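The structure appears below as structure tokens.
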Amino acid sequence: MSNNMAKIADARKTVEQLKLEVNIERMMVSKAAAELMAFCEAHAKEDPLVTPLPSSENPFREKKLFCAIL
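Our numbering puts the first residue of the sequence shown at 67, with every later residue one more than the last.
What follows is the structure in structure tokens.
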């Protein structure tokens, strides 16, 4: 008996979730991909992974340590 009640409760949760999701505005994948490509192309010059920084401006470059024996 409790197994049936659990199944009914689970089904009710699923129905409530589906009712919430039915109102979500959706977008075609092709349109989303086109917008993503346009964004990436528009910001490519500012992206250090696409256009590397000059080594003099790179805050993550390895600093060369010089050892001086006095």
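Quick reminder that beta carbons are idealized off the backbone N, C-alpha and C, glycines included.
These numbers were taken from a predicted model, which means no experiment stands behind them.
6 Å CB neighbourhood of residue i in its chain, flanking five on each side removed
| i | result |
| --- | --- |
| Ser96 | none |
Unbroken alpha helix (DSSP H) run spanning residue i, endpoints
| i | result |
| --- | --- |
| Thr80 | 68-87 |
| Glu107 | 95-108 |
8 Å Cβ cutoff met for residue i and residue j
| i | j | result |
| --- | --- | --- |
| Ala108 | Val116 | no |
Contacting residues, own chain, Cβ-Cβ under 7 Å from residue i (five flanking each side not counted)
| i | result |
| --- | --- |
| Val98 | Looking at the sequence shown, residue 98 is not Val but Ala. For Ala98, where only same-chain residues beyond five positions count, there are no Cβ hits under 7 Å. |
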